[in-house]
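Written below as structure tokens is the structure these notes are about.
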Amino acid sequence: MPNTIHYPHVIPFISQGKINAIKSTFGNNLSDRECYGIYIWSQKASSAIYPLLQQLEVTLRNSIDKEATKLIGQKWWDNVYTDTSKSKHGDFIHNINKAKKRYENEFKKKNPSMANTKIIAPHDDIIAHTDFYTWQAVLSDAFHTQSRSEASRALWPRLTYRVLKGLDRSKDEGTARIDFLNELNEIRNYRNRLSHNDCIWIKIHSKNLQSAVETIREKINKIEGLIKTINPQVHLSLTKWGSFYHAKRICSQKEAELHLGKGIINSTTDEMNTILDQLYALTADGKLTGVVKRNTNNIAFHKF
81 MPNTIHYPHV
91 IPFISQGKIN
101 AIKSTFGNNL
111 SDRECYGIYI
121 WSQKASSAIY
131 PLLQQLEVTL
141 RNSIDKEATK
151 LIGQKWWDNV
161 YTDTSKSKHG
171 DFIHNINKAK
181 KRYENEFKKK
191 NPSMANTKII
201 APHDDIIAHT
211 DFYTWQAVLS
221 DAFHTQSRSE
231 ASRALWPRLT
241 YRVLKGLDRS
251 KDEGTARIDF
261 LNELNEIRNY
271 RNRLSHNDCI
281 WIKIHSKNLQ
291 SAVETIREKI
301 NKIEGLIKTI
311 NPQVHLSLTK
321 WGSFYHAKRI
331 CSQKEAELHL
341 GKGIINSTTD
351 EMNTILDQLY
361 ALTADGKLTG
371 VVKRNTNNIA
381 FHKF
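Take the sequence shown: its letters are residues 81 to 384, numbered as in the working numbering.
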């Protein structure tokens, strides 16, 4: 951890609320340097989790859209069965309309000469301009029916196991889908917290470094479980590419301790120095990541 920074000049640029949250969880006796280390670690941890959240959102929306399009057609949201007696039944179409408007505004901004022209948003662009909540809303019971006469336009239960390929089939369909929906809502709220630079750990359950890390890893595990429920093949691909491994490595007690200046090993022998110099050379003086294959493992090296 850098010792050459005059931290009293830096700390004031972090909100007092964030400093208080760090000290209340990781220790009131933390120095300015240690507080800043945890602050940087939490930002790195957020950046490691965010791609998983993006994968979750994209995998879910594409899974729903693909199957709904096959069942109902391209603009399926205009014809989908909706039980208007259900709470928040209009949230989905409201968000679809917002996505259309976002596309239209962006298109006209790029093409001023068409400012007064009616724009028809293409299917894929509408999907791309939706937000996470859109796909949470459409999983609700408002789009479920047991009526045979409406089955050709209803998403659930007809498409449930096509959209959520890994859903627990030992449970009733409605129960399993709502359980998935509740976990999805939890993770969506967590994502919103991260996007607003809130603490990455869950403060109410965090009493120290270990418990704080556990709350973060619990969220990663839930994200992983949701992706696996939607599509086990996507989950397997992300596993083999190390996406979950990377997030858990950054969001670990060991990584946080390194940012506190703990657990850093000194190179003490000429042999170790030689090996480390060779490995460090692969990083172009710390500007790149070097990767060495050892048996079946690809081992990465970079400047801390």
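Positions of the beta carbon are idealized from the N, C-alpha and C atoms, including for glycine.
Cβ distance (whole Å) where residue i is taken to contact residue j below 8 Å
{"i": "ALA380", "j": "VAL371", "result": "5 Å"}
{"i": "ILE152", "j": "ARG233", "result": "6 Å"}
{"i": "ILE300", "j": "PHE324", "result": "7 Å"}
{"i": "LEU368", "j": "ALA336", "result": "That belief does not hold up - the Cβ atoms of LEU368 and ALA336 are roughly 25 Å apart, past 8 Å."}
{"i": "ILE267", "j": "THR139", "result": "At roughly 13 Å, the Cβ-Cβ gap does not stay under 8 Å, so ILE267 and THR139 are not in contact."}
{"i": "THR354", "j": "HIS382", "result": "So it is not a contact: roughly 19 Å between Cβ atoms."}
{"i": "ALA385", "j": "THR210", "result": "The first residue shown for the chain is 81 and the last is 384, placing residue 385 beyond what the model contains."}
{"i": "ALA128", "j": "LYS283", "result": "20 Å between Cβ atoms; not a contact."}
{"i": "ILE199", "j": "PHE187", "result": "5 Å"}
{"i": "PRO88", "j": "ASP112", "result": "6 Å"}
For residue i, the first and last residue of its enclosing beta strand (DSSP E)
{"i": "ASN142", "result": "From DSSP, ASN142 is part of no beta strand (DSSP E) but of the alpha helix (DSSP H) over 112-152."}
{"i": "VAL218", "result": "Unbroken run through VAL218: none, as it is neither H nor E."}
{"i": "ILE379", "result": "377-381"}
{"i": "VAL372", "result": "370-374"}
Element boundaries [alpha helix (DSSP H), containing residue i]
{"i": "ALA336", "result": "333-339"}
{"i": "ASN353", "result": "350-361"}
{"i": "ILE99", "result": "96-106"}
{"i": "ILE207", "result": "203-208"}
{"i": "ASN269", "result": "253-275"}
{"i": "PHE37", "result": "Outside the displayed range of the chain (81 to 384) lies residue 37, so it cannot be described from this structure."}
{"i": "TYR241", "result": "240-243"}
Residue i classed as buried or exposed, judged by whether at least 16 other C-beta atoms fall within 10 angstroms
{"i": "SER286", "result": "buried"}
{"i": "PHE384", "result": "exposed"}
{"i": "TRP236", "result": "buried"}
{"i": "GLN135", "result": "buried"}
{"i": "GLU304", "result": "buried"}
{"i": "ALA148", "result": "buried"}
{"i": "ALA114", "result": "In the sequence under discussion, the amino acid at residue 114 is Glu, which differs from the Ala named in the question. With 16 or more Cβ atoms within 10 Å of its Cβ, GLU114 is classed as buried."}
{"i": "SER122", "result": "buried"}
{"i": "ASN175", "result": "buried"}
{"i": "ALA256", "result": "buried"}
{"i": "LYS320", "result": "exposed"}
{"i": "LEU356", "result": "exposed"}
{"i": "LEU316", "result": "exposed"}
{"i": "LYS53", "result": "Here the chain covers residues 81 to 384 and nothing more, so residue 53 does not appear."}
{"i": "GLN154", "result": "exposed"}
{"i": "THR214", "result": "buried"}
{"i": "LEU359", "result": "exposed"}
{"i": "ILE330", "result": "buried"}
{"i": "SER126", "result": "buried"}
{"i": "GLU137", "result": "buried"}
**Report entry** At least 3 beta-carbon pairs within less than 8 Å: the region 220-233 vs the region 201-208
**Finding:** no
Query raised in the report: Three or more beta-carbon pairs under 8 Å between the region 237-244 and the region 138-151, yes or no?
Result: yes
| said: Threshold first: 4 residues or longer. Then list the alpha helix (DSSP H) segments lying entirely within the region 148-200, N to C. | reply: 171-190
Notebook entry, point to check: How do the region 180-189 and the region 267-279 stand: do at least 3 beta-carbon pairs fall below 8 Å, yes or no?
Noted result: no
Problem set entry | Meets three-Cβ-pair contact criterion under 8 Å: the region 262-277 and the region 337-345 | no
- Taking only runs of the alpha helix (DSSP H) that begin and end inside the region 277-315, which ones reach a length of at least 4 residues, in chain order? 289-310
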